[in-house]
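Asker:
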Amino acid sequence: MGRRPDARFHAAQILTQFDRSERRLSQIYSDYFQSDAAPQDRPAVTFLVQEVTRWRGYLDHLLVRFFKGDFSSSELVLKNILRLGAYEIIFRKQVPAYAAVNEAVQMATEQVSKKAAGLVNAVLRKIDPSHLPRPDQLTNEDSTARIAAVTSHPRWIIKRWINSFGFERTLKLCEWNNRIPQFSIRRNRKKVSRGKFESLLSENSIEWSQSPVMADFYTVNNVSELRSSAEFLNGDFSFQDISAGFVTHLVDEDFTGILVDACAAPGGKASYFAERLGDGAVIHSYDADRGRLQRLRETLSRLDMPTVHISCKDAMRDDYPVGDVVFLDVPCTGTGVMAKRADLRWRRHPSHLSEMLQLQESILRHMSTFVKPGGKLIYSTCSLEPEENWGVVEIFMKKQRQFEVAPLPDSVTAFTDGKGALATFPPDDGIDGVFAVSLRRKK
Numbered sequence: 000m001g002r003r004p005d006a007r008f009h010a011a012q013i014l015t016q017f018d019r020s021e022r023r024l025s026q027i028y029s030d031y032f033q034s035d036a037a038p039q040d041r042p043a044v045t046f047l048v049q050e051v052t053r054w055r056g057y058l059d060h061l062l063v064r065f066f067k068g069d070f071s072s073s074e075l076v077l078k079n080i081l082r083l084g085a086y087e088i089i090f091r092k093q094v095p096a097y098a099a100v101n102e103a104v105q106m107a108t109e110q111v112s113k114k115a116a117g118l119v120n121a122v123l124r125k126i127d128p129s130h131l132p133r134p135d136q137l138t139n140e141d142s143t144a145r146i147a148a149v150t151s152h153p154r155w156i157i158k159r160w161i162n163s164f165g166f167e168r169t170l171k172l173c174e175w176n177n178r179i180p181q182f183s184i185r186r187n188r189k190k191v192s193r194g195k196f197e198s199l200l201s202e203n204s205i206e207w208s209q210s211p212v213m214a215d216f217y218t219v220n221n222v223s224e225l226r227s228s229a230e231f232l233n234g235d236f237s238f239q240d241i242s243a244g245f246v247t248h249l250v251d252e253d254f255t256g257i258l259v260d261a262c263a264a265p266g267g268k269a270s271y272f273a274e275r276l277g278d279g280a281v282i283h284s285y286d287a288d289r290g291r292l293q294r295l296r297e298t299l300s301r302l303d304m305p306t307v308h309i310s311c312k313d314a315m316r317d318d319y320p321v322g323d324v325v326f327l328d329v330p331c332t333g334t335g336v337m338a339k340r341a342d343l344r345w346r347r348h349p350s351h352l353s354e355m356l357q358l359q360e361s362i363l364r365h366m367s368t369f370v371k372p373g374g375k376l377i378y379s380t381c382s383l384e385p386e387e388n389w390g391v392v393e394i395f396m397k398k399q400r401q402f403e404v405a406p407l408p409d410s411v412t413a414f415t416d417g418k419g420a421l422a423t424f425p426p427d428d429g430i431d432g433v434f435a436v437s438l439r440r441k442k
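Per numbering that gives the first Met the number 0, the sequence shown starts with residue 0, numbered consecutively.
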């Protein structure tokens, strides 16, 4: 009889499923945890998967050195056992190297073969953490390939970022993406007072700190426990990065009129609009994906916000109500949120950028026709790529002369660029990367 599957076993299974599909890790977790991995093991499983995925490029760069044969064509589960073992040897100082090797060898014996176990043993014993390349040793004389390998990012992304941000800022961005991320939660101001909410966090031994710039947001230390808490299920709070909260502040709290949120799912910003805005605001939330729209409905139901009007519409072609504000949180490459989505850097390809640009330009052009004279069209992404941000907006404004850049509220001016947009850069601002610009339709 084999031993009880532990966090390493489940991590290897999830990593292998990731390699065999194009699915997000979050989708794989959702399915896998329905029947596999005891609840008490899931935080450890998730941690290992996220970290090995984050450092995948670096780990593979090292493993190839010591692997006899073609590492790239090896069995997927064998590669992931090696990645797990290498990760623990290099990064988990609390795990002795011999223990990490022994665990990996046993996993290979059970899941692959005795021959594979011998290979795992030979490869992992050659890894010496004191003689490995480190990001802080890189210089701008290094090749793009080396920078990509040591920072564990795809080569094409590194090349783009160095062209856009320069060498030093690119290294800082990669360092940010490779840190264990901090998560923030947003208090539901309509359901729980600040004092009561903070007491609930402390009573549940959650370490927290309130955002100095967004009073409804708190940085917390234990996300896994909060996800299953009664307070979350009761709608007292939501998981949302502070940067996403900034974007909703482009609409003033005293706004009255019709707000059309055209790309609303899964509902983080839509629900915050509903929390912040008064009874004079009529909110219509739409999305083209029925599955994601269901998540929006579930989110609004959990937060007890029945007044938001929800419907399935395509922002590139369908008709919408004419709005005083039309809000477009458009699909994008997501390069501003790669710290929290460890898998995203490996799912994106150069062709995705051109695909996104066509989509974004089409959505912006079509939805601009539903803005009232004097109303605002807010365009937002979680991308750091200039083409997806001002690039799309400037192409639009050259063709649509009736729109002009509107000033942003005082609450976000510390995070604006020189051209009038909200624009955050994660290493500088300590939050995810977002872009948002408010365009006013001339009367």
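Glycine included, every Cβ here is placed at the ideal spot set by N, Cα and C. Here the structure is a predicted model, which means the values were calculated and not measured.
If you check the beta carbons only, do Pro-186 and Phe-238 fall under 7 Å apart?
Answerer: Here residue 186 refers to the residue found at position 187 when the sequence shown is read from its first residue. Here residue 238 refers to the residue found at position 239 when the sequence shown is read from its first residue. It is Arg, not Pro, that sits at residue 186 in the sequence shown. No; because the gap between Cβ atoms is not below 7 Å, this pair is not in contact.
Asker: State the start and end residues of the unbroken beta strand (DSSP E) segment that holds Asp-286.
Answerer: As a first step, residue 286 must be located in the sequence shown, where it is residue number 287. 280 to 286 is the extent of the beta strand (DSSP E) around Asp-286.
Asker: In whole angstroms, what separates the C-alpha of Ile-89 from that of Ile-13?
Answerer: Residue 89 sits at position 90 when you count from the first residue of the sequence shown. Residue 13 sits at position 14 when you count from the first residue of the sequence shown. Each residue's Cα considered, the two are about 21 Å apart.
Asker: Comparing alpha-carbon positions, which option in Met-304, Thr-306, His-348, Phe-369 lies nearest Leu-327?
Answerer: The residue you call residue 327 lines up with position 328 of the sequence shown. Answer by Cα proximity: Phe-369.
Asker: Mind listing, in chain order, the continuous alpha helix (DSSP H) runs of no fewer than 4 residues lying wholly within the stretch 37 to 94?
Answerer: Taken in chain order, the whole alpha helix (DSSP H) runs of length 4 or more contained in the stretch 37 to 94 are 41 to 53, 55 to 65, 75 to 90.
Asker: Which of the three DSSP states, helix, strand or coil, is assigned to Glu-354?
Answerer: On the sequence shown, position 355 is the one that residue 354 refers to. If DSSP states are grouped into helix, strand and coil, Glu-354 belongs with the helices.
Asker: Under a three-way DSSP split, which group does Glu-140 fall into?
Answerer: Residue mapping note: residue 140 aligns to position 141 of the sequence shown, counting from 1. Three-state DSSP puts Glu-140 in coil, outside helix and strand.
Asker: Determine the DSSP secondary structure at Met-0, reduced to helix, strand or coil.
Answerer: The sequence position of residue 0 within the sequence shown is 1, counting from 1. Annotation note: pLDDT 39 at Met-0 (below 50); position unreliable, coordinate value reported separately. The answer is coil: DSSP assigns Met-0 none of H, G, I, E or B.
Asker: Rounded to whole angstroms, what is the Cα-Cα separation between Arg-7 and Ser-437?
Answerer: Sequence index remark: in the sequence shown, residue 7 carries index 8 (1-based). Sequence index remark: in the sequence shown, residue 437 carries index 438 (1-based). Between Arg-7 and Ser-437, the C-alpha separation is close to 47 Å.
Asker: Return the Cβ separation of Arg-53 and Asn-177 in integer angstroms, given the expectation that the two are a contact with Cβ distance under 8 Å.
Answerer: By one-based count along the sequence shown, residue 53 stands at place 54. By one-based count along the sequence shown, residue 177 stands at place 178. Between Asn-177 and Arg-53 the Cβ distance is about 6 Å, and since that is below 8 Å, they are a contact.
Asker: Return the chain-ordered list of same chain residues with a C-beta closer than 7 Å to the C-beta of Leu-356, the five sequence neighbours on each side being excluded.
Answerer: Stepping through the sequence shown from its first residue, residue 356 is reached at position 357. A distance below 7 Å between beta-carbons, with the five flanking residues on each side excluded, links Leu-356 to the following residues of its chain, in chain order: Glu-386, Glu-387, Val-391.
Asker: If we count Cβ pairs, one from each stretch, closer than 8 Å, do we get three or more for the stretch 287 to 301 versus the stretch 254 to 266?
Answerer: yes
Asker: Measure the beta-carbon distance from Asp-303 to Lys-195 and round it to whole angstroms, keeping in mind my assumption that it falls under 8 Å.
Answerer: By 1-based counting over the sequence shown, the position of residue 303 is 304. By 1-based counting over the sequence shown, the position of residue 195 is 196. Your pair Asp-303 and Lys-195 does not check out as a contact, with CB atoms roughly 16 Å apart and the cut at 8 Å.
Asker: Look at the alpha carbon of Val-324 and the alpha carbon of Lys-375, and state the distance between them as a whole number of angstroms.
Answerer: Numbered from its first residue, the sequence shown carries residue 324 at position 325. Numbered from its first residue, the sequence shown carries residue 375 at position 376. Going by C-alpha positions, Val-324 is about 5 Å away from Lys-375.
Asker: Alpha carbons only, please: which of Asn-139, Ala-243, Arg-275, Gly-267 is nearest the one belonging to Asp-253?
Answerer: Position 254 of the sequence shown, counted from the first residue, corresponds to residue 253. Nearest in C-alpha terms to Asp-253, of all of Asn-139, Ala-243, Arg-275, Gly-267, is Arg-275.
Asker: Which residue from Ala-214, Phe-182, Asp-416 puts its Cα closest to that of Glu-197?
Answerer: Start at 1 with the first residue of the sequence shown, and residue 197 comes out as number 198. For the residues Ala-214, Phe-182, Asp-416, the minimum Cα distance to Glu-197 belongs to Ala-214.
Asker: Who are Phe-236's beta bridge partners in DSSP?
Answerer: As a first step, residue 236 must be located in the sequence shown, where it is residue number 237. For Phe-236, which the question treats as bridged, DSSP gives the partners Arg-186.
Asker: Please go through the stretch 241 to 326 and give each complete beta strand (DSSP E) segment of 3 or more residues, from N-terminal end onward.
Answerer: 256 to 260, 280 to 286, 308 to 311
Asker: Taking Ser-201 as the reference, give the member of Ser-210, Val-219, Arg-188 with the closest Cα.
Answerer: Along the sequence shown, one-based indexing puts residue 201 at 202. The shortest C-alpha separation from Ser-201 is found at Val-219.
Asker: Counting C-beta neighbours from all protein chains within 10 Å, is the total for Asn-162 16 or more, i.e. buried, or is it exposed?
Answerer: Within the sequence shown, residue 162 is the residue found at index 163, counting from 1. It counts as exposed.
Asker: Return the CA-CA distance between Glu-109 and Ser-353, expressed in angstroms with no decimal places.
Answerer: For the purposes of this step, residue 109 is identified with residue 110 of the sequence shown, where counting begins at 1. For the purposes of this step, residue 353 is identified with residue 354 of the sequence shown, where counting begins at 1. Straight-line Cα distance between these residues: approximately 44 Å.
Asker: Can you tell me the Cα-Cα spacing of Thr-415 and Asp-409, whole angstroms?
Answerer: For the purposes of this step, residue 415 is identified with residue 416 of the sequence shown, where counting begins at 1. For the purposes of this step, residue 409 is identified with residue 410 of the sequence shown, where counting begins at 1. Take the alpha-carbon of Thr-415 and the one of Asp-409: they are about 10 Å apart.
Asker: What's the gap between the Cα of Leu-299 and the Cα of Tyr-285?
Answerer: Residue 299 sits at position 300 when you count from the first residue of the sequence shown. Residue 285 sits at position 286 when you count from the first residue of the sequence shown. Distance between the alpha carbons of Leu-299 and Tyr-285: 13 Å.
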